[in-house]
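Participant: My numbering puts the first residue of the sequence shown at 416, with every later residue one more than the last.
Yeah, the Cβ is synthetic: ideal placement off N, Cα and C, and Gly gets one too.
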Amino acid sequence: MNKFSTLTKTALTLALLAAGSAASAAVVGHYETCSATGNPNAVAPITTAGHTPVAVDIPDAATLAGLDMLFVTNCSNSGVGAEYTANLANISAAVNAGMTLVVHDRWVDGGAGLVPGSAGISFNRNFDDGANIDFPAGSPILSGPGGTLTDASMDGGNYSNHGFVDSTTLPAGAEVVAHRTLATEAVTVAYPFGAGTVVYSTIPLDAYLGGSNLSMSTIYMPNVVDAFIGNTFAGCAGEGFVGDQLKLCKVICESPLTGKPITPLIRLWMNVYGSAPPCSAALMPALVR
Numbered sequence: 416m417n418k419f420s421t422l423t424k425t426a427l428t429l430a431l432l433a434a435g436s437a438a439s440a441a442v443v444g445h446y447e448t449c450s451a452t453g454n455p456n457a458v459a460p461i462t463t464a465g466h467t468p469v470a471v472d473i474p475d476a477a478t479l480a481g482l483d484m485l486f487v488t489n490c491s492n493s494g495v496g497a498e499y500t501a502n503l504a505n506i507s508a509a510v511n512a513g514m515t516l517v518v519h520d521r522w523v524d525g526g527a528g529l530v531p532g533s534a535g536i537s538f539n540r541n542f543d544d545g546a547n548i549d550f551p552a553g554s555p556i557l558s559g560p561g562g563t564l565t566d567a568s569m570d571g572g573n574y575s576n577h578g579f580v581d582s583t584t585l586p587a588g589a590e591v592v593a594h595r596t597l598a599t600e601a602v603t604v605a606y607p608f609g610a611g612t613v614v615y616s617t618i619p620l621d622a623y624l625g626g627s628n629l630s631m632s633t634i635y636m637p638n639v640v641d642a643f644i645g646n647t648f649a650g651c652a653g654e655g656f657v658g659d660q661l662k663l664c665k666v667i668c669e670s671p672l673t674g675k676p677i678t679p680l681i682r683l684w685m686n687v688y689g690s691a692p693p694c695s696a697a698l699m700p701a702l703v704r
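1. Leaving out the 5 sequence neighbours to the left and right, which residues in its chain are closer than 8 Å to Gly-625 when beta-carbon positions are compared?
2. Any idea if Asn-492 is buried or exposed, counting beta-carbon neighbours within 10 angstroms, 16 or more meaning buried?
3. Considering only the beta carbon of each residue, do Thr-467 and Asn-547 sit closer than 8 Å?
4. Mind checking which residues open and close the alpha helix (DSSP H) that includes Tyr-688?
5. With a 10 Å radius around its C-beta and 16 neighbouring C-beta atoms as the bar for buried, classify Thr-612 as buried or exposed.
6. Please state if the CB of Ser-533 and the CB of Val-592 are separated by a distance shorter than 8 Å.
7. Please go through the region 572-628 and give each complete alpha helix (DSSP H) segment of 4 or more residues, from N-terminal end onward.
8. Compute the distance between the beta-carbons of Phe-579 and Val-614, then report whether it is under 8 Å.
9. Just to confirm, are Ile-536 and Asn-502 a CB contact at a threshold of 8 Å?
10. Within 10 angstroms of the Cβ of Gly-559, are there 16 or more other Cβ atoms? Answer buried if so, exposed if not.
11. Taking the alpha-carbon of Gly-496 as reference, which of Gly-526, Ile-644 and Tyr-574 has the nearest alpha-carbon?
12. Helix, strand or coil for Ala-470? Go by DSSP, reduced to three states.
13. For Phe-486, write down the residues that DSSP places opposite it in a beta bridge.
14. When the cut-off is 8 Å and only beta carbons count, does Ile-536 lie next to chain B?
15. Three Cβ pairs or more, each shorter than 8 Å: is that satisfied between the region 508-522 and the region 478-485?
16. Would you mind working out which of Leu-680, Leu-629, Leu-661 and Arg-682 sits nearest Gly-561, comparing C-alpha positions?
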């Protein structure tokens, strides 16, 4: 029998609900590189995820200092706005300090110039399988505040993706969030950079926000914001945990729960997995007997 009994799963579900209700709204900046300003179609999905949208006019150091996440769309098929490029060093510094950067890019071939930590990653603009988006087991965006995604949810666009990232070239700790028919042809990826997280996607999301494929704007985007806000990837998911272990890790290490409510969950982790949770050094006051 699986070590997670029905009773244990029920307790974990209650803990997840408690953590979700206790979480406070984060600040998510939205920015379109072509217009060099905020993307108004990003407001509703960010709000659905339970966070505060802020239009970004210039992604400079002062603006980024007030953001938990910067959500970027690049509507150009052949380049990226000069203002974004001019502030890439500021963006890299903000991610290194703990911010999450999410980029949805039409260009793809120039993807290395849109995100920090991209050295060695292979970006490929390619339309051979452009209508298909599938999800690996355990993808963190399969369910969330927007709803549930399936392998059919985002197919059939013109195009659903503009190419792929070769998953074999991703840095250590990276995660494939969505892919084309071939699992190595990643559509959306995430990887740690310093204390923060980079999420990069070949989905031309600017075309679908508020448009024809509602799954992109009403389900996919809120789920992406929810999954990667507050650097959750660089913690538990970055450890390679999946399923129940990933859920329990997020409640213990990445939720607002503290003190007595978290003590039995730490004991549960130690009983099931035979070691302390990865954030145990910061939780020693809660490790009471």
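Facilitator: The answer reads as follows:
1. Counting from 1 along the sequence shown, the entry for residue 625 is found at position 210. Correct list, in chain order: Asn-456, Ala-459 and Ser-632.
2. Counting from 1 along the sequence shown, the entry for residue 492 is found at position 77. So Asn-492 counts as exposed.
3. By 1-based counting over the sequence shown, the position of residue 467 is 52. By 1-based counting over the sequence shown, the position of residue 547 is 132. No, the pair does not count as a contact, with Cβ atoms beyond the cut-off.
4. The residue labelled residue 688 in the question sits at position 273 within the sequence shown. Tyr-688 -> alpha helix (DSSP H) spans 678-688.
5. Counting from 1 along the sequence shown, the entry for residue 612 is found at position 197. Buried, because 16 or more other Cβ atoms sit within 10 Å of the Cβ of Thr-612.
6. If you number the sequence shown from 1, residue 592 lands on position 177. If you number the sequence shown from 1, residue 533 lands on position 118. Going by C-beta atoms, Val-592 is not nearer than 8 Å to Ser-533.
7. 620-623
8. The count along the sequence shown starts at 1 and reaches residue 579 at position 164. The count along the sequence shown starts at 1 and reaches residue 614 at position 199. No, these two residues do not count as a Cβ contact at 8 Å.
9. As a first step, residue 536 must be located in the sequence shown, where it is residue number 121. As a first step, residue 502 must be located in the sequence shown, where it is residue number 87. Not in contact: Ile-536 and Asn-502 (Cβ atoms no closer than 8 Å).
10. Here residue 559 refers to the residue found at position 144 when the sequence shown is read from its first residue. Counting Cβ neighbours within 10 Å, Gly-559 comes out buried, since at least 16 surround it.
11. Residue mapping note: residue 496 aligns to position 81 of the sequence shown, counting from 1. Gly-496 has its Cα closest to that of Gly-526, out of Gly-526, Ile-644 and Tyr-574.
12. Start at 1 with the first residue of the sequence shown, and residue 470 comes out as number 55. It is a strand residue.
13. One-based indexing of the sequence shown puts residue 486 at position 71. According to DSSP, Phe-486 bridges with His-445 and Val-517.
14. Protein chain content of the structure displayed is limited to a single chain, and chain B is not contained in it.
15. yes
16. What you label residue 561 is simply residue 146 of the sequence shown in a count that begins at 1. Considering only alpha carbons, the answer is Leu-629.
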